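Undergrad: Before anything else, here's the structure in question.
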Amino acid sequence: MVWVRTVGGKLETRYRYSAQLCYNTFPFPKISSAKKAEIEEAAENVLVTREFYPDKTLADLYDPDKMPQDLREAHARLDDIVESCYPGYPFASDEARLECLFKLYEKMKRQ
13 MVWVRTVGGK LETRYRYSAQ LCYNTFPFPK ISSAKKAEIE EAAENVLVTR
63 EFYPDKTLAD LYDPDKMPQD LREAHARLDD IVESCYPGYP FASDEARLEC
113 LFKLYEKMKR Q
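Residue numbers (the working numbering): 13 to 123.
If you want it as structure tokens, here you go:
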């Protein structure tokens with residue numbers, strides 16, 4: 013989200029998600045097959061956990077005040093695995109995270 017907030021910006025009060033600005037520019041490091049499998053397993057766990065709540069909409073599931081604890085934990089695990097792919101992990105702050113992302117972005121632009 014720190015990348016989206018910084019690079020994508022906002023329209024009124026909503027975040028602006030743009031393939032050009034956010035997704036196509038997001039730097040993701042090369043990872044091993046084992047790390048990729050770990051991410052895929054954690055992402056699958058998020059989807060499986062959401063299936064435990066067929067009566068809830070995505071808006072309900074992702075309301076910060078109503079989010080089921082097991083779904084929150086599944087996302088936290090996925091986030092942690094993804095962040096572990098980056099140099100500097102664990103990050104002390106969003107500023108440190110953003111600094112890492114911009115360094116990787118600069119490297120990506122040069123290639």
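Note that beta-carbon positions come from the ideal geometry of N, C-alpha and C, so glycine has one too. These numbers were taken from a predicted model, which means no experiment stands behind them.
How many whole angstroms separate the CB atoms of L73 and M79, which I take to be in contact at a CB cut-off of 8 Å?
TA: With 8 Å as the limit, L73 and M79 qualify as a contact, their Cβ atoms being about 6 Å apart.
Undergrad: Looking at C-beta atoms only, is the number of pairs between the stretch 76-96 and the stretch 51-64 that lie closer than 8 Å three or more?
TA: Verdict: yes, contact present.
Undergrad: Name the residue from A46, W15, E24 whose alpha carbon lies nearest to the alpha carbon of A31.
TA: Closest option to A31, Cα to Cα, is W15.
Undergrad: My assumption, with CB atoms under 8 Å, is that L113 sits in contact with P41. Please give the rounded CB distance.
TA: Actually they do not touch by this definition, with Cβ atoms about 10 Å apart.
Undergrad: Among E95, R62, V94, I93, whose alpha-carbon lies nearest the alpha-carbon of Q81?
TA: Out of E95, R62, V94, I93, R62 has the C-alpha closest to the C-alpha of Q81.
Undergrad: Just verifying my parser: in three-state terms, what is the DSSP assignment at K121?
TA: If DSSP states are grouped into helix, strand and coil, K121 belongs with the helices.
Undergrad: So what does DSSP say about K115, is it helix, strand or coil?
TA: Note: K115 maps to helix in three-state DSSP.
Undergrad: Using DSSP with H/G/I as helix, E/B as strand and the rest coil, what is Y27?
TA: Reduced to three states, the DSSP call for Y27 is strand.
Undergrad: Just grab the DSSP bridge partners of K22 for me.
TA: According to DSSP, which records beta bridges pairwise, K22 is partnered with Y27.
Undergrad: E50: which of D106, E95, C34, L33 sits nearest, CA to CA?
TA: The option with the nearest alpha carbon to E50 is E95.
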